[in-house]
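In the numbering used here, the protein residues as written are 25 to 645. What follows is a short report on a single structure.
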């Protein structure tokens, strides 16, 4: 009676069932086996212990991850990704901020405290150091940043190389130490995603779970960079993975939480900016908010278009590109040092209205010029931070202008925060991520309504009026890279071939004797995997062979000649997703695939069969 009720409860909760099936069943069997039998029979005890640990083995873990229903296993991946990403981002931030804190007059953001000569020298010397590093490493900055992450996710199932991670780590540090106009969140996303991806690759996990780890790494990186876990989750789903699923949400949320917890003992639990209490106040602010959304949308469209145009005319030689980026940052910095570095101190000054109109106008214009040039030239830095600074500057300028006519307007912080959210949302084409970021940065629900309005208007203005796409997609298209996302591939990439493959098959040569044929048909296999010249070439149903030997008393049988429905076959790896399997079937013109455990040449080790009908059945279910 107890077991019956237990099964009923477990059947109603998929997550509990999967966790139970991963090891709980073996443990229950081990614990409930009569103790006297185990004590009296050491061999039986040894067998039971071995059986339990086999259920907890990495092989079982991989097998469970092949399915989209493996919530406990995906949750564990989320925790591991958050921990690893948090440690990497902590090391990255410390290697940037500790030297800057020691060298700059008033903290790691105070490039303004340097002399005019140093304002020019810092970016120029930085790009020289960057060029020297890339020359010694024989590397290129093209394979770093968010665009690299999206490309690897689109074309390589989220497999990121370790070499590019190291390149991003050290070039990002050099760029940020030298005050280049960019943020640390771009390198952070690459580092978090690459670290998580390499973790999955080292464990030999199926590619569908590698894709989940990519989302986890991106979420953890944003969470750790701004101390905004919710915005990290939404950013990952909206910008990187570009889909919302229950299976994906749980590990991505866990990774964001864990990464934030890793950094909080060192940087505290407050967000990246010192935001005072804000509220819309008078309804007089509403039409101004609508105008602000339109203006920010125009600025965002110009920002994305500038990156596209500058990239088109950028020189091919990396050293020249870096020198141009450093010069375009250093020369304006002589007059407006606020454009140097990540610029969070500039945002904090704008929030309290502590900057003059002309300085803020110059900072906004030169920040746009320096950032778009740096990004287009391939500087290994992020652009989310600069979009927040540009949006904050535009919001502050609007407040200064309108408050001359309407002194009773809300505080500058209100328009500054709205400008930050609108600019981020319009440039990234990620309105929900921008809204969540504003909510977490302000901790104030009163800003939700105006933030929704300004972000949506800015998005519509940029995308519909000016035809701009997300800045990352625009960069990919400029580089000739294709980002493939369609409902079919997204659905098929959520599961591995291991989740649907037919394991009940037998391998044989094409020429067999009658006795061998009877042995094959009596083994209970569904498919026969047939070799020609020691290479799997086609499959046929076992029942077709059984029907043939029932009607023919033929001693020598050629499986390539008997009446049967044969399917041409090709190989695919066990780690592959169903999306990869579908693409392979289409490109190779075959009707089925045999699943290989290893990829070594001349060492076929088939463990399953997947047909086009199996994939279609999965997609329809």
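We put the CB at the ideal spot given by N, CA and C, even for glycine. Note that the structure is predicted; figures quoted are calculated from it, not measured.
Comparing C-alpha positions only, which one of the options sits nearest to residue i?
i: residue 347; options: 317, 357, 150; result: 150
i: residue 435; options: 526, 299, 325, 381; result: 299
i: residue 471; options: 383, 86, 306; result: 306
i: residue 90; options: 366, 254, 230, 502; result: 230
i: residue 141; options: 297, 361, 295; result: 361
i: residue 304; options: 314, 272, 297; result: 314
i: residue 559; options: 592, 384, 587, 575; result: 592
i: residue 530; options: 334, 550, 599; result: 550
i: residue 577; options: 563, 116, 541, 636; result: 541
i: residue 197; options: 113, 296, 339; result: 113
i: residue 508; options: 174, 581, 572, 579; result: 174
i: residue 238; options: 279, 205, 227, 252; result: 279
i: residue 373; options: 395, 437, 539, 410; result: 437
i: residue 510; options: 503, 504, 518; result: 518
i: residue 256; options: 244, 266, 497; result: 244
i: residue 628; options: 81, 636, 635, 617; result: 617
i: residue 594; options: 633, 570, 446, 319; result: 633
i: residue 496; options: 484, 340, 609, 329; result: 329
i: residue 553; options: 331, 537, 527; result: 527
i: residue 132; options: 191, 357, 236, 367; result: 367
i: residue 486; options: 520, 502, 448; result: 448
i: residue 206; options: 635, 248, 480, 147; result: 147
i: residue 521; options: 598, 365, 457; result: 598
i: residue 586; options: 417, 158, 536; result: 536
i: residue 109; options: 480, 253, 494, 218; result: 218
From what residue to what residue does the beta strand (DSSP E) around residue i run?
i: residue 634; result: 630-635
i: residue 370; result: Note, residue 370: premise wrong, no beta strand (DSSP E); alpha helix (DSSP H) at 368-375.
i: residue 187; result: No beta strand (DSSP E) holds residue 187; the alpha helix (DSSP H) holding it covers 186-201.
i: residue 535; result: 535-537
i: residue 581; result: 580-582
i: residue 554; result: 551-556
Please state whether DSSP places residue i in a helix, a strand or coil.
i: residue 92; result: coil
i: residue 298; result: coil
i: residue 638; result: helix
i: residue 613; result: coil
i: residue 252; result: coil
i: residue 520; result: strand
i: residue 36; result: Model confidence at residue 36 stands at a pLDDT of 41, short of 50, so the residue's coordinates are unreliable and nothing is read from them.
i: residue 618; result: strand
i: residue 56; result: At residue 56 the pLDDT is 42, less than 50, meaning the model places this residue with poor confidence; the figure from the coordinates comes in the next sentence. Here residue 56 sits in helix by DSSP.
i: residue 405; result: coil
i: residue 643; result: helix
i: residue 595; result: strand
i: residue 353; result: helix
i: residue 235; result: helix
i: residue 574; result: helix
i: residue 601; result: strand
i: residue 531; result: strand
i: residue 204; result: coil
i: residue 339; result: coil
i: residue 646; result: Residue 646 is absent from the model: the chain starts at 25 and stops at 645.
i: residue 2; result: Residue 2 is absent from the model: the chain starts at 25 and stops at 645.
i: residue 503; result: coil
i: residue 361; result: helix
i: residue 513; result: helix
i: residue 346; result: helix
i: residue 508; result: coil
i: residue 546; result: coil
Which residues mark the beginning and the end of the alpha helix (DSSP H) in which residue i is found?
i: residue 429; result: Counting along the chain, residue 429 falls outside any alpha helix (DSSP H), and DSSP gives it neither H nor E.
i: residue 279; result: 270-291
i: residue 459; result: 455-466
i: residue 21; result: With the chain covering only 25 through 645, there is no way to say anything about residue 21.
i: residue 442; result: 436-452
i: residue 328; result: 309-336
i: residue 393; result: 381-400
DSSP has residue i in a bridge; who is on the other side?
i: residue 590; result: 564
i: residue 526; result: 633
i: residue 117; result: Answer by DSSP bridge pairing: none, since residue 117 is not bridged.
i: residue 559; result: 556
- Message: In chain order, what are the residue ranges of uninterrupted alpha helix (DSSP H) at least 4 long that sit wholly in the segment 468-495?
- Response: 472-484
- Message: Give the list of continuous alpha helix (DSSP H) stretches no shorter than 4 residues that lie fully inside the segment 119-177.
- Response: Counting only runs of 4 or more, we get 140-161.
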